[in-house]
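The sequence shown begins at 203 in our numbering and counts up by one.
Even for Gly, the Cβ is constructed at its ideal location relative to N, Cα and C.
Some notes on the structure that comes next.
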Amino acid sequence: MSTAIRASSILPGRREDIELHTADGLRLVGELALPADRPPVATLVCLHPLPTHGGMMDSHVFRKAAWRLPALADLAVLRFNTRGTSSVRGTSEGAFDGAVGERYDVAAAIEYAEFAELPNIWLVGWSFGTDLALKYGCDPTIAGAILLSPPLRYSAPEDLATWANSGRPLVALVPEFDDYLRPTEARERFAAVPQAEVVGVPGAKHLWVGDAETVLDEIVRRVNPAVEVPLPTTWDGPMEAGDVSAYADRTVAAFADTPVPGPAATKAD
Numbered sequence: 203m204s205t206a207i208r209a210s211s212i213l214p215g216r217r218e219d220i221e222l223h224t225a226d227g228l229r230l231v232g233e234l235a236l237p238a239d240r241p242p243v244a245t246l247v248c249l250h251p252l253p254t255h256g257g258m259m260d261s262h263v264f265r266k267a268a269w270r271l272p273a274l275a276d277l278a279v280l281r282f283n284t285r286g287t288s289s290v291r292g293t294s295e296g297a298f299d300g301a302v303g304e305r306y307d308v309a310a311a312i313e314y315a316e317f318a319e320l321p322n323i324w325l326v327g328w329s330f331g332t333d334l335a336l337k338y339g340c341d342p343t344i345a346g347a348i349l350l351s352p353p354l355r356y357s358a359p360e361d362l363a364t365w366a367n368s369g370r371p372l373v374a375l376v377p378e379f380d381d382y383l384r385p386t387e388a389r390e391r392f393a394a395v396p397q398a399e400v401v402g403v404p405g406a407k408h409l410w411v412g413d414a415e416t417v418l419d420e421i422v423r424r425v426n427p428a429v430e431v432p433l434p435t436t437w438d439g440p441m442e443a444g445d446v447s448a449y450a451d452r453t454v455a456a457f458a459d460t461p462v463p464g465p466a467a468t469k470a471d
């Protein structure tokens, strides 16, 4: 009997708590989700939104990716809290460093994925996480990057130049009604990267509330094109239910109009 896949649905998979260790001596908490009974085809390393405004490894798009994509798309999903960030999983050591010290966090995640011999590693950054991907993610082990709601706040033109010179795929999913960078301007800014693909998403906003399924479809379309999209909305088989109440006060409400630390910051990221 088919059961509808809901926000709280956890599909079968192998999930384990992990720790990342940075070059500057911090311990970061995270989770690795794998397909239940077969090797993954590709890997997502998730870089979450701004932690000073509620971003964490459990931000809803990444939580849904970890709960669904190992079963629906044969993907491994690695999520973690950057320095000083807390979630139900725990709190990573250190303190938010405005996209400076976080370079070590990105490196530790990539190193973990490489050491674990995870295949076809893609970075998936969201908001602040897109700047981390652009600044620190153009690594020889990375197949490409997918950017969700990129504000291009902490990253600089030289970061785009690095990606341009690498030739690695760069996909930007840009909400039609984003608070910081909308599709038309995004196409202008990302023109510096010839291979960049900018996808405007009609009706969507910065936090992707109500549009997570669209985001997951677009990720799978690039990372494992053998899987048909849109992904199924029902599941035949065992399914668990996760507690999403722990995240309710750390999503939309956390992104109120509050100044954010960072270059030329005027709003939440």
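Element boundaries [beta strand (DSSP E), containing L325]: In the sequence shown, the residue the question calls residue 325 occupies position 123. Residues I323 to W328.
Residue from A318, P321, P353 and E319 whose Cα sits closest to the Cα of L334: Numbered from its first residue, the sequence shown carries residue 334 at position 132. Selected option, being the one with the closest Cα: P353.
Pair within 7 Å by beta-carbon distance, R217 and A235: Position 15 of the sequence shown, counted from the first residue, corresponds to residue 217. Position 33 of the sequence shown, counted from the first residue, corresponds to residue 235. With respect to the 7 Å criterion, R217 and A235 are classified as neighbours on the basis of their beta carbons.
Top-ranked residue by Cα proximity to T364, from R389, A398, I212 and D380: Here residue 364 refers to the residue found at position 162 of the sequence shown. Cα-wise, what sits closest to T364 is A398.
Whole-number beta carbon distance between R423 and V431, since they are thought to touch under 8 Å: Counted from its first residue, the sequence shown places residue 431 at position 229. Counted from its first residue, the sequence shown places residue 423 at position 221. That belief holds up - the Cβ atoms of V431 and R423 are roughly 5 Å apart, short of 8 Å.
Pick from T343, S294 and S357 that is closest to F330, judged by C-alpha positions: The residue you call residue 330 lines up with position 128 of the sequence shown. The shortest C-alpha separation from F330 is found at S357.
T460, DSSP secondary structure in three states: Counted from its first residue, the sequence shown places residue 460 at position 258. Low local confidence applies: a pLDDT of 41 at T460 is under 50, so the model's placement there is unreliable, and no value is given.
Residue burial classification, L271 (beta-carbon count within 10 angstroms, cutoff 16): As a position in the sequence shown, residue 271 is number 69, starting the count at 1. Buried, because 16 or more other Cβ atoms sit within 10 Å of the Cβ of L271.
P371 versus V302, I348 and A388, residue with shortest Cα-Cα distance: Against the sequence shown, residue 371 aligns to sequence position 169. For the options V302, I348 and A388, the alpha carbon positioned closest to that of P371 is the one of I348.
The segment 207-221 in contact with the segment 261-277 per 3-pair CB rule at 8 Å: Touching, yes, given that three or more Cβ pairs across the two stretches are closer than 8 Å.
A443 to S211 span [Cα, whole Å]: The sequence position of residue 443 within the sequence shown is 241, counting from 1. The sequence position of residue 211 within the sequence shown is 9, counting from 1. When the Cα atoms are used, A443 and S211 turn out to be separated by approximately 5 Å.
Cutoff 6 Å; reference V395; Cβ partners in own chain excluding five residues on either side: Sequence index remark: in the sequence shown, residue 395 carries index 193 (1-based). Contacts found: L362, W365, A366 and L372.
Terminal residues of the beta strand (DSSP E) in which I348 lies: Against the sequence shown, residue 348 aligns to sequence position 146. Looking at the DSSP string, the run of the beta strand (DSSP E) that includes I348 is I344 to L350.
Through-space distance from P251 to H262, alpha-carbon basis: Here residue 262 refers to the residue found at position 60 when the sequence shown is read from its first residue. Here residue 251 refers to the residue found at position 49 when the sequence shown is read from its first residue. Going from the Cα of H262 to the Cα of P251 covers about 11 Å.
Segments of 4+ residues assigned as alpha helix (DSSP H) that fall wholly inside the segment 252-321: For the segment 252-321, whole alpha helix (DSSP H) runs of length 4 or above, ordered along the chain, are 262-275 and 304-317.
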